[in-house]
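Those sequence lines, one after another, are chains A and B. For what it's worth, our numbering labels the leading residue of the first sequence as 8, then goes sequentially. For what it's worth, our numbering labels the leading residue of the second sequence as 17, then goes sequentially.
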Amino acid sequence: MTSPRANRPLLEVDGLRVEFPTRRGTLVAVDGVSFHIDPGEVLGVVGESGAGKSLTGAAIIGLIEPPGRIAGGRVTLDGRRIDDLPYEEMRRIRGRQIGAVFQDPLTSLNPLYTIGRQLVETICTHLDVTPQQARARAITLLQEVGITAAERRIDHYPHQFSGGMRQRVVIALALCANPRLIIADEPTTALDVSIQAQIIALLKKLCREHGAAVMLVTHDMGVIAETADRVAVMYAGRIAEIGPVRDVIKRPKHPYTIGLMGSIPTIGRNVERLTQIDGAMPRLDAIPPGCAFNPRCPKAFDRCRGERPEAMAIEHGQVACWLYANGRMGER
Amino acid sequence: MIAFIVRRLLQSVVVMLVVGFVAFSLFAYVGDPITIMLGQDFTELDAARIRRDLGLDQPFFVQFAHFVVNAVQGHFGISYRLARPVDQLIAERLPATLELSFVAASLALALGLPMGVYTGLHRDSWLSRVMLTLSLVGVSLPTFLIGILLILFFSVILGWLPSFGRGTTVHLGWWTTGFLTTSGLKALILPSITLGLFQMTLIMRLVRAEMLEVLRTDYVKFARARGLPNRAVHFGHALKNTLVPVITITGLQLGALIAFAIITETVFQWPGMGLLFIQSVSFADVPVMAAYLCLVAFFFVVINLIVDLLYYAVDPRLRIDRAVSGGHTV
Chain A
8 MTSPRANRPL
18 LEVDGLRVEF
28 PTRRGTLVAV
38 DGVSFHIDPG
48 EVLGVVGESG
58 AGKSLTGAAI
68 IGLIEPPGRI
78 AGGRVTLDGR
88 RIDDLPYEEM
98 RRIRGRQIGA
108 VFQDPLTSLN
118 PLYTIGRQLV
128 ETICTHLDVT
138 PQQARARAIT
148 LLQEVGITAA
158 ERRIDHYPHQ
168 FSGGMRQRVV
178 IALALCANPR
188 LIIADEPTTA
198 LDVSIQAQII
208 ALLKKLCREH
218 GAAVMLVTHD
228 MGVIAETADR
238 VAVMYAGRIA
248 EIGPVRDVIK
258 RPKHPYTIGL
268 MGSIPTIGRN
278 VERLTQIDGA
288 MPRLDAIPPG
298 CAFNPRCPKA
308 FDRCRGERPE
318 AMAIEHGQVA
328 CWLYANGRMG
338 ER
Chain B
17 MIAFIVRRLL
27 QSVVVMLVVG
37 FVAFSLFAYV
47 GDPITIMLGQ
57 DFTELDAARI
67 RRDLGLDQPF
77 FVQFAHFVVN
87 AVQGHFGISY
97 RLARPVDQLI
107 AERLPATLEL
117 SFVAASLALA
127 LGLPMGVYTG
137 LHRDSWLSRV
147 MLTLSLVGVS
157 LPTFLIGILL
167 ILFFSVILGW
177 LPSFGRGTTV
187 HLGWWTTGFL
197 TTSGLKALIL
207 PSITLGLFQM
217 TLIMRLVRAE
227 MLEVLRTDYV
237 KFARARGLPN
247 RAVHFGHALK
257 NTLVPVITIT
267 GLQLGALIAF
277 AIITETVFQW
287 PGMGLLFIQS
297 VSFADVPVMA
307 AYLCLVAFFF
317 VVINLIVDLL
327 YYAVDPRLRI
337 DRAVSGGHTV
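The following block contains the structure:
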């Protein structure tokens with residue numbers, strides 16, 4: 008009540024639920040996911056394929072492919088509820104308030120139009136400028152994302168750029184209207200390893216300069232460690248653990264996170280063999296009762312098999328695990 | 017670009033030579049012209065003399081060379097049936113067929129394209145279902161039946177439109193057109209619907225399938241994520257990406273419309289090349305058949321050349337690839 012604007016999170020997701028109705032019943036792909044992103048913050052979201060990370064991002068910008076749909080919860084951007092807006096109003100928010108960067112830069116750009124045309128049409132859609140001003144802004148953006156000879160390159164077609172260069176163009180497109188939040192869905196997965204670090208550094212630098220917060224969806228823990236302020240670990244459609252990056256990486260709480268960290272090789276540390284998590288993430292139609300991770304969890308006990316753990320506050324974050332119920336701090 | 021056109025032109029010449037060879041073979045294998053010209057009473061001496069006079073005793077390839085030289089100038093000899101130069105006969109009939117095909121193709125495109133876009137965008141609406149069901153009828157009903165049904169309904173029962181012929185035509189030089197008179201235009205309606213219906217349903221189904229495909233692509237999703245209005249996403253980004261296959265099929269179909277207007281022309285007694293051809297076949301009028309074959313091949317070659325050039329206009333990737341590979345060959 009004291010300062011309504013200053014400390015308010017930019018984005019609040021509360022109990023988000025995404026369902027896919029199928030002939031054999033409804034699949035719940037995202038189930039009760041809650042988190043927030045502060046202005047200018049970088050939130051990393053990690054998890055295996057199918058954990059619901061990308062769908063969470065798609066739900067926030069309102070682009071879930073039918074027949075999938077948001078079945079519950081609410082998404083609030085800067086105090087305004089956006090998950091139930093009509094299509095046209097949500098369209099004005101996309102690109103203007105929330106920008107997006109997709110996984111594969113080779114397929115994100117329309118092959119038949121010059122990158123300049125695609126930039127100018129995005130700028131003109133959201134900002135009240137003349138085509139000449141839009142073009143000037145497009146050139147500036149291209150220079151900002153590190154494309155040399157932008158005045159000339161703006162009239163080139165996507166296939167005349169390399170993968171890394173195209174992802175730079177995609178970032179420029181996401182930043183066209185100075186959005187407050189960028190949802191980056193695996194922005195480096197499709198790129199050469201040597202380019203990945205450049206693109207992540209660029210994304211982080213530009214978002215800081217433009218004052219945009221980032222939701223960085225990835226399965227690359229290294230990228231998260233370098234870039235994010237906080238990290239959310241997702242498993243089978245739910246958040247297993249969320250907290251500051253240092254805490255989650257150095258002292259993971261959830262047994263799934265512990266397993267995830269143990270499976271990452273570290274240079275300079277001599278380990279006999281990397282640990283691995285036995286089994287695989289359950290299919291959406293076969294999520295076990297209780298904690299979804301219990302069949303693979305080395306520390307599972309009776310309660311894990313019968314009762315589902317909700318997010319519990321610990322130190323600076325939250326963890327959804329019975330080991331930490333009632334102030335019990337695990338047996339690590 | 018120039019290198020590409022030259023290469024395509026050379027390919028076209030090869031295609032035309034092969035077709036010309038087939039057409040020429042008709043003369044050699046469909047009946048002996050000497051026998052046809054002399055009738056039943058002749059001596060071997062007469063036959064040999066005429067054979068020599070007409071150059072038919074020369075080697076096969078020399079005769080073929082003569083045929084090609086004449087064909088290039090448009091001379092295909094004299095019709096056995098009508099005893100008039102074939103090029104004149106064709107020139108008289110060509111405008112009728114071209115006008116009919118042109119109207120039918122425009123109709124098919126003008127209706128098929130928007131219907132395809134609509135059914136692609138609104139997959140589950142009742143209007144889409146109606147269009148798809150009707151298009152099945154259009155694809156499966158044979159052309160002659162559609163023509164006869166249309167005549168029955170609009171000419172016989174309602175009496176609105178003529179059931180045969182071109183109506184009054186106007187001469188513009190050697191070209192005769194039905195576009196300038198009311199009766200000419202009215203006469204065009206039923207045949208062009210008959211001829212274009214199948215193409216229209218084909219284009220509609222093709223555009224629909226391509227739209228569904230393109231709407232799933234990343235760049236369309238990304239265009240939505242950039243907040244572009246639906247109109248820009250659907251027509252600017254999605255539709256343009258469906259055009260390459262649509263141009264291909266439309267081009268091939270236009271060739272087919274010209275070549276195979278035969279059935280429609282027969283049903284409506286349309287005085288075009290198709291009708292001329294079908295009458296020539298029943299009289300074994302080889303010069304007309306050969307000329308028709310070459311002309312149809314020529315149309316296909318020209319249309320395909322235009323289609324290839326349109327690819328370049330639509331898809332920038334082709335332009336660059338050619339420029340690069342051209343650079344290597346130099």
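Ideal Cβ positions, reconstructed from N, Cα and C, are used throughout, including at glycine.
With DSSP as the reference, label residue 21 of chain A as helix, strand or coil.
In the structure shown, residue 21 of chain A sits in a strand (DSSP, three-state: E or B).
Quick one, which residues of the segment 67-91 of chain B are near chain A if we go by CB-CB under 7 Å, in chain order?
Those residues of the segment 67-91 of chain B that come within reach of chain A (Cβ to Cβ, closer than 7 Å) do not exist; the list is empty.
Using a C-beta to C-beta distance shorter than 9 Å, which residues of chain A count as neighbours of residue 256 of chain B?
117, 119, 120, listed in chain order.
Using a Cβ cut-off of 9 Å (strictly closer), state whether residue 28 of chain A contacts chain B.
Chain B contact via Cβ: absent.
Residue 235 of chain B CB to nearest chain A CB: under 9 Å?
Chain A, which has a Cβ nearer than 9 Å to the Cβ of residue 235 of chain B, makes this yes.
In chain order, what residues of the same chain have a beta carbon less than 6 Å from the beta carbon of residue 307 of chain A, not counting five sequence neighbours either side?
Answer for residue 307 of chain A: 301, listed in chain order.
Residue 253 of chain A and residue 48 of chain A - do their beta-carbons sit closer together than 9 Å?
Going by C-beta atoms, residue 48 of chain A is not nearer than 9 Å to residue 253 of chain A.
Assign residue 41 of chain A to one of three DSSP states: helix, strand, or coil.
Reduced to three states, the DSSP call for residue 41 of chain A is strand.
Which chain B residues sit within Cβ distance under 7 Å of residue 133 of chain A?
Simply 243.
Going by beta carbon distance, what residues of the same chain come within less than 6 Å of residue 80 of chain B, once the five residues before and after it are set aside?
Result list for residue 80 of chain B: 40, in chain order.
Do residue 110 of chain B and residue 289 of chain B have their C-beta atoms within less than 9 Å of each other?
In this structure, residue 289 of chain B lies closer than 9 Å to residue 110 of chain B by Cβ.
Mapping DSSP to helix, strand and coil, what is residue 64 of chain A?
Residue 64 of chain A falls in the helix class under three-state DSSP.
Rounding to the nearest angstrom, what Cα-Cα distance links residue 37 of chain B and residue 85 of chain B in this structure?
Roughly 12 Å between the two C-alpha positions.
Just checking: is the beta-carbon of residue 330 of chain B within a distance shorter than 9 Å of some beta-carbon in chain A?
Interface residue, yes.
Going along chain A in order, which residues have a C-beta closer than 8 Å to the C-beta of residue 333 of chain B?
The contacting residues are 118, 164, 166.
Taking 9 Å as the threshold (C-beta atoms), are residue 197 of chain A and residue 112 of chain A in contact?
Result yes, Cβ atoms of residue 112 of chain A and residue 197 of chain A sit closer than 9 Å.
With a threshold of 9 Å between beta carbons, is residue 240 of chain B in contact with chain A?
Cβ-Cβ to chain A under 9 Å: yes for residue 240 of chain B.
What separation, rounded to the nearest whole angstrom, lies between the Cα atoms of residue 328 of chain A and residue 318 of chain A?
In a straight line, the C-alpha of residue 328 of chain A is about 7 Å away from that of residue 318 of chain A.
Verify the CB distance criterion: does residue 136 of chain B have a CB-CB separation below 9 Å to chain A?
With 9 Å as the cut-off, residue 136 of chain B does not count as an interface residue toward chain A.
Would you mind listing the alpha helix (DSSP H) stretches within the segment 150-217 of chain A that are 4+ residues and don't spill past its ends, in chain order?
Entirely contained in the segment 150-217 of chain A, the alpha helix (DSSP H) runs reaching 4 residues are, in chain order, 157-160, 170-181, 200-217.
Taking residue 167 of chain B as the reference, which of B/143, B/136, B/182, B/207 has the closest Cα?
Comparing Cα positions, the closest option is B/207.
Using a Cβ-Cβ distance cut-off of 9 Å, determine whether residue 249 of chain A contacts chain B.
Output row for residue 249 of chain A: interface = no.
Pull up the DSSP beta-bridge partners for residue 192 of chain B, would you.
Bridge partners of residue 192 of chain B: B/187.
In its own chain, which residues sit with a C-beta less than 8 Å from the C-beta of residue 285 of chain B, not counting the 5 before and 5 after it?
So the list reads 180, 181, 291, once near-sequence residues are dropped.
Roughly how far, in whole angstroms, is the beta-carbon of residue 63 of chain A from the beta-carbon of residue 40 of chain A, given that I think they are within contact range, below 8 Å?
Going by Cβ atoms, the distance from residue 63 of chain A to residue 40 of chain A rounds to 6 Å, so yes, they are a contact pair.
Give me the subset of the segment 70-82 of chain A whose CB atoms are less than 7 Å from a CB atom of chain B, sorted by chain position.
Under the 7 Å Cβ criterion, the segment 70-82 of chain A contributes 70.
Run through chain B and tell me which residues come within less than 8 Å of residue 107 of chain A, C-beta to C-beta.
Simply 238, 241, 242.
Can you tell me the Cα-Cα spacing of residue 255 of chain A and residue 323 of chain A, whole angstroms?
One C-alpha to the other measures close to 10 Å.
Less than 9 Å between the C-beta atoms of residue 239 of chain A and residue 291 of chain A, yes or no?
No; because the gap between Cβ atoms is not below 9 Å, this pair is not in contact.
Just reading off the beta strand (DSSP E) that residue 172 of chain B is part of, what are its end residues?
Premise fails: residue 172 of chain B is in no beta strand (DSSP E) and is neither H nor E.
Of all Cβ atoms in chain B, is any one closer than 9 Å to the Cβ of residue 338 of chain A?
Confidence is the limiting factor: at residue 338 of chain A the pLDDT is only 45, short of 50, which leaves the residue's position unreliable and the question unanswerable from this model.
I'd like to know whether the C-beta atoms of residue 130 of chain A and residue 105 of chain A end up nearer to each other than 9 Å.
No, the Cβ-Cβ distance between residue 130 of chain A and residue 105 of chain A is not below 9 Å.
Mapping DSSP to helix, strand and coil, what is residue 133 of chain B?
Looking at residue 133 of chain B - three-state DSSP - the assignment turns out to be helix.
Give the C-beta separation of residue 192 of chain B and residue 183 of chain B to the nearest angstrom, bearing in mind that I take them to be a contact with Cβ-Cβ under 8 Å.
So it is not a contact: roughly 11 Å between Cβ atoms.
Which chain B residues are close to residue 180 of chain A, counting only those with a beta carbon under 7 Å from its beta carbon?
Residues of chain B passing the Cβ test: 242.
Would you say residue 98 of chain A reaches chain B, if we count a Cβ-Cβ gap shorter than 9 Å as a contact?
It does; some Cβ of chain B falls within 9 Å.
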